Amino acid sequence: MEDAIGRFLNYLTVEKGFSENTIAAYRNDLNQLAIFIGEEAAKRGSIPPWAIFGRQGMLSYLLSLKERNYAPTTVARKVAAAKSFFNFMVAEGIIKDNPAQNVGSPKVGKSLPNPISISQVRLLLEQPTKLSTTEAKRDRAMLELLYASGMRVSELVSLNLGDVDVEGGYVRCFGKGHKERLIPIYEQAALAVGEYIKEARSRLVRNDDERALFVNRRGDRLTRQGFWQILKGYAKSADLGVQVTPHTLRHSFATHMLSGGADLRSVQELLGHANISTTQVYTHLTSEHVRRTYEKSHPRAK
Numbered sequence: 039m040e041d042a043i044g045r046f047l048n049y050l051t052v053e054k055g056f057s058e059n060t061i062a063a064y065r066n067d068l069n070q071l072a073i074f075i076g077e078e079a080a081k082r083g084s085i086p087p088w089a090i091f092g093r094q095g096m097l098s099y100l101l102s103l104k105e106r107n108y109a110p111t112t113v114a115r116k117v118a119a120a121k122s123f124f125n126f127m128v129a130e131g132i133i134k135d136n137p138a139q140n141v142g143s144p145k146v147g148k149s150l151p152n153p154i155s156i157s158q159v160r161l162l163l164e165q166p167t168k169l170s171t172t173e174a175k176r177d178r179a180m181l182e183l184l185y186a187s188g189m190r191v192s193e194l195v196s197l198n199l200g201d202v203d204v205e206g207g208y209v210r211c212f213g214k215g216h217k218e219r220l221i222p223i224y225e226q227a228a229l230a231v232g233e234y235i236k237e238a239r240s241r242l243v244r245n246d247d248e249r250a251l252f253v254n255r256r257g258d259r260l261t262r263q264g265f266w267q268i269l270k271g272y273a274k275s276a277d278l279g280v281q282v283t284p285h286t287l288r289h290s291f292a293t294h295m296l297s298g299g300a301d302l303r304s305v306q307e308l309l310g311h312a313n314i315s316t317t318q319v320y321t322h323l324t325s326e327h328v329r330r331t332y333e334k335s336h337p338r339a340k
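First residue of the sequence shown: 39, per the working numbering; consecutive thereafter.
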């Protein structure tokens with residue numbers, strides 16, 4: 039089964055163009071499934087795993103996930119990974135039928151994004167400016183660029199040195215499926231990135247061949263986890279009073295753009311959403327803001 043998983047992951051990488059993060063998630067989910075199938079096969083002696091793993095086996099796996107108190111979203115993701123994997127195996131002629139084909143996933147309600155207010159964003163972005171360290175210049179550039187562009191954290195840490203045009207005021211990033219998009223950025227963000235490149239990055243890099251725009255203290259490309267730790271530190275010092283996640287600035291960017299009059303299609307392009315329905319979730323947030331403002335301001339609504 040390990041060989042089949044390897045072939046499937048290679049297919050997702052080469053044919054589908056999935057990102058490293060997505061591939062890693064598939065690998066973890068399928069390795070867990072492989073362990074379960076192996077344990078079930080061991081209970082029955084030397085019978086080949088596929089001989090005993092049908093729909094009932096998949097239902098048993100689903101039950102085991104629920105017993106381990108996985109969140110519904112996690113269970114749904116693992117079931118989806120299994121379905122895709124088994125479809126691949128059917129197409130490759132390894133198995134005849136997909137045992138997960140008619141197995142339902144837990145219903146997952148759509149959770150609304152968690153943007154912060156414009157004043158809270160301003161407070162968060164001010165935190166690195168209170169420090170005079172090399173890392174603080176990098177952090178200011180990252181936070182400004184993230185809010186200016188609305189890009190994903192994975193896209194931010196994947197940026198290379200030549201992906202930001204400080205003079206032209208835009209950033210080039212590669213989203214899901216390696217789709218390229220050019221995003222304009224405001225002057226303050228461009229200046230912050232320019233200052234970081236000119237005054238701080240050279241102090242952090244150890245290798246002249248390093249292409250990464252944002253690097254850590256060891257001179258290596260900053261990771262998503264590394265950025266998350268940095269963001270948590272600034273969120274704590276800003277004392278925002280709300281929960282902050284790695285995507286908080288992305289959600290805030292989208293919500294504030296729509297509140298400011300941007301059209302939905304433009305925001306969709308800026309965010310790199312393949313489907314506009316994904317972007318529409320932010321309209322619910324702006325609608326709620328309008329309603330709260332109305333109820334607070336209209337004399338007959340008080």
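Glycine included, C-beta positions come from ideal geometry on N, C-alpha and C. The model shown is predicted, which means the values in this text are computed figures rather than measured ones.
What separation, rounded to the nearest whole angstrom, lies between the Cα atoms of residue i and residue j?
i: Ala141; j: Asp135; result: Sequence inspection shows Val at residue 141; the Ala mentioned does not correspond to that position. Roughly 13 Å separates the two Cα atoms.
i: Arg129; j: Thr51; result: Inspection of the sequence shows that residue 129 is occupied by Ala rather than by Arg. Using only the alpha carbons, I get a separation of about 17 Å.
i: Leu181; j: Leu163; result: 6 Å
i: Thr316; j: Arg176; result: 31 Å
i: Arg45; j: Lys236; result: 44 Å
i: Ala238; j: Arg288; result: 25 Å
i: Leu229; j: Gly271; result: 23 Å
i: Ala312; j: Pro153; result: 21 Å
i: Leu183; j: Tyr49; result: 33 Å
i: Asp301; j: Val319; result: 14 Å
i: Arg244; j: Arg262; result: 20 Å
i: His294; j: Glu307; result: 15 Å
i: Glu218; j: Ala250; result: 17 Å
i: Val209; j: Phe252; result: 14 Å
i: Ala186; j: Glu58; result: 25 Å
i: Phe91; j: Pro137; result: 7 Å
i: Leu199; j: Cys211; result: 11 Å
i: Ser297; j: Thr321; result: 9 Å
i: Phe291; j: Gly95; result: 45 Å
i: Thr283; j: Met189; result: 14 Å
i: Asp258; j: Gln139; result: 43 Å
i: Arg93; j: Gly232; result: 57 Å
i: Arg241; j: Lys274; result: 27 Å
i: Ser143; j: Val113; result: 7 Å
i: Leu97; j: Ala72; result: 15 Å
i: Leu47; j: Gly264; result: 26 Å
i: Arg303; j: Val191; result: 22 Å
Can you have a look at residue i and say buried or exposed, based on whether 16 or more other CB atoms are within 10 angstroms of its CB?
i: Gly131; result: exposed
i: Ile156; result: exposed
i: His336; result: Because the pLDDT of His336 is 48, which lies under 50, any placement of that residue in the model is unreliable, and the number read from its coordinates should be weighed accordingly. By the neighbour-count rule (16 or more Cβ atoms within 10 Å), His336 is not buried but exposed.
i: His216; result: exposed
i: Ile314; result: exposed
i: Ser122; result: buried
i: Leu309; result: buried
i: Lys81; result: exposed
i: Ile75; result: buried
i: Val204; result: buried
i: Ala120; result: buried
i: Pro117; result: Looking at the sequence provided, one finds Val at residue 117 rather than Pro. Val117 should be labelled buried.
i: Ser170; result: exposed
i: Leu101; result: exposed
i: Ser196; result: buried
i: Asn193; result: For the sequence presented, residue 193 should be read as Glu rather than Asn. Glu193 is buried by the Cβ-count criterion.
i: Leu220; result: exposed
i: Arg178; result: buried
Along the beta strand (DSSP E) that carries residue i, what are the first and last residues, could you check?
i: Phe291; result: It is not in any beta strand (DSSP E) - Phe291 instead sits in the alpha helix (DSSP H) that spans 286 to 297.
i: Leu220; result: 218 to 222
i: Phe91; result: Segment: none, Phe91 is in no beta strand (DSSP E) and carries neither H nor E.
At a cut-off of 6 Å, is residue i close to the ligand NAD when judged by its beta-carbon and the heavy atoms of the ligand?
i: Lys104; result: Here there are no bound small molecules, and the ligand NAD is not part of this structure.
What residue range does the alpha helix (DSSP H) around residue i cover?
i: Tyr208; result: Counting along the chain, Tyr208 falls outside any alpha helix (DSSP H), though it belongs to the beta strand (DSSP E) covering 208 to 212.
i: Ile75; result: 58 to 81
i: Arg178; result: 172 to 187
i: Glu307; result: 302 to 309
i: Ile43; result: 40 to 52
i: Gln263; result: 262 to 276
i: Glu164; result: 156 to 164
i: Ile235; result: 225 to 237
i: Val113; result: 110 to 129
i: Glu248; result: Looking at the DSSP string, Glu248 is not in any alpha helix (DSSP H), and its letter there is neither H nor E.
i: Leu197; result: First-last for Leu197: undefined, no H or E at that position.
Based on DSSP bridge pairs, tell me the residues matched to residue i.
i: Asp203; result: Tyr208
i: Asn254; result: Answer is none; Asn254 lacks a bridge partner.
i: Arg259; result: Val253
Specify whether the segment 217 to 230 and the segment 64 to 73 touch according to this definition: at least 3 beta carbon pairs, one from each stretch, less than 8 Å apart.
no
So does the segment 277 to 295 actually touch the segment 253 to 269, counting three or more Cβ pairs closer than 8 Å?
yes
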